[in-house]
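This report refers to the structure that appears directly beneath it.
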């Protein structure tokens with residue numbers, strides 16, 4: 115009976131860790147999506163744009179354009195790359 119409890123505890127612990135990893139990945143993905151807007155706030159608040167000779171309007175246009183471009187050009191290559199790495203399909207390419 116002790117063995118069954120240890121196995122159950124190990125399974126629950128590993129599934130909980132997997133669930134937390136998934137949620138952390140979602141949070142990081144959401145933060146990376148709005149990173150240009152976060153950087154807009156940082157640069158606007160620092161006043162460094164004026165020192166560089168850029169107006170606040172130009173700075174806003176730049177970061178909003180970066181946000182729009184990032185939203186329309188999302189690349190899902192990392193998921194394919196991870197699967198290829200785990201399945202060993204990258205080895206022939208690395209040997210070339």
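In our numbering, the protein residues as written are 115 to 210.
The beta-carbon is built from N, C-alpha and C at its ideal position, and this holds for glycine as well.
{"Check": "Residue range of the alpha helix (DSSP H) that includes residue 194", "Outcome": "191–201"}
{"Check": "Run of the alpha helix (DSSP H) containing residue 166, from where it starts to where it stops", "Outcome": "Element bounds for residue 166: n/a, residue is neither H nor E."}
{"Check": "Spatial distance of residue 165 from residue 127 (CA atoms)", "Outcome": "52 Å"}
{"Check": "Residues near residue 198 in its chain [Cβ-Cβ closer than 7 Å; skip 5 each side]", "Outcome": "204"}
{"Check": "Nearest-angstrom Cα separation, counted from residue 147 out to residue 185", "Outcome": "7 Å"}
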